[in-house]
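Shown next, in structure tokens, is the structure this report addresses.
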Ligand code: 9YT
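Dropping the structure here:
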């Protein structure tokens, strides 16, 4: 059984900040926890826009706080995000993620799992695990 609280993650090497400061990711479960996925609480900073395309991962995201939107670049479709909204990037969808006036608090699952302190590369992607 694995039991953790967010307090154990804050200020540890499992709390990872984006190079541009747009988000902070608290990685509750990583590859070495052996679950087959990673599980994160992610804070998207108010007023930010981030271009993301996870070329090597699938991600599901569930919003628990804040309001924002995603826009898929292939067709310009905009999807509002508010508490209770889930989106799944089942096609490695390239998208903009925007947080409006307050921070967005998101719960995120990655398959395959992240292994540690990955941050976005120039494509808004994470490398494939070794
Ligand atoms: C929603 C999203 O992908 N935000 C970027 C950070 C990512 N969720 C992570 O590493 O936790």
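Numbering (the working numbering), first residue to last: 140 to 269.
Ideal placement from N, C-alpha and C gives every residue a C-beta, glycine not left out.
Beta carbon of residue i nearer than 8 Å to that of residue j
i	j	result
residue 205	residue 243	yes
residue 212	residue 234	yes
residue 263	residue 156	no
Spatial neighbours of residue i in its chain, beta-carbon cut-off 7 Å, leaving aside the 5 residues before and after
i	result
residue 255	169
residue 221	202, 206
First through last residue of the beta strand (DSSP E) which encompasses residue i
i	result
residue 147	Premise fails: residue 147 lies in the alpha helix (DSSP H), 145-148, not in any beta strand (DSSP E).
residue 157	Where residue 157 is concerned, there is no enclosing beta strand (DSSP E), given that its DSSP letter is neither H nor E.
Proximity test, residue i beta-carbon vs the ligand 9YT heavy atom, cut-off 7 Å
i	result
residue 198	yes
residue 181	yes
residue 245	yes
residue 264	no
residue 220	no
residue 191	yes
residue 168	no
residue 164	yes
residue 267	no
residue 149	no
Beta-bridge pairing of residue i - partner residues as DSSP gives them
i	result
residue 208	219, 237
residue 250	197
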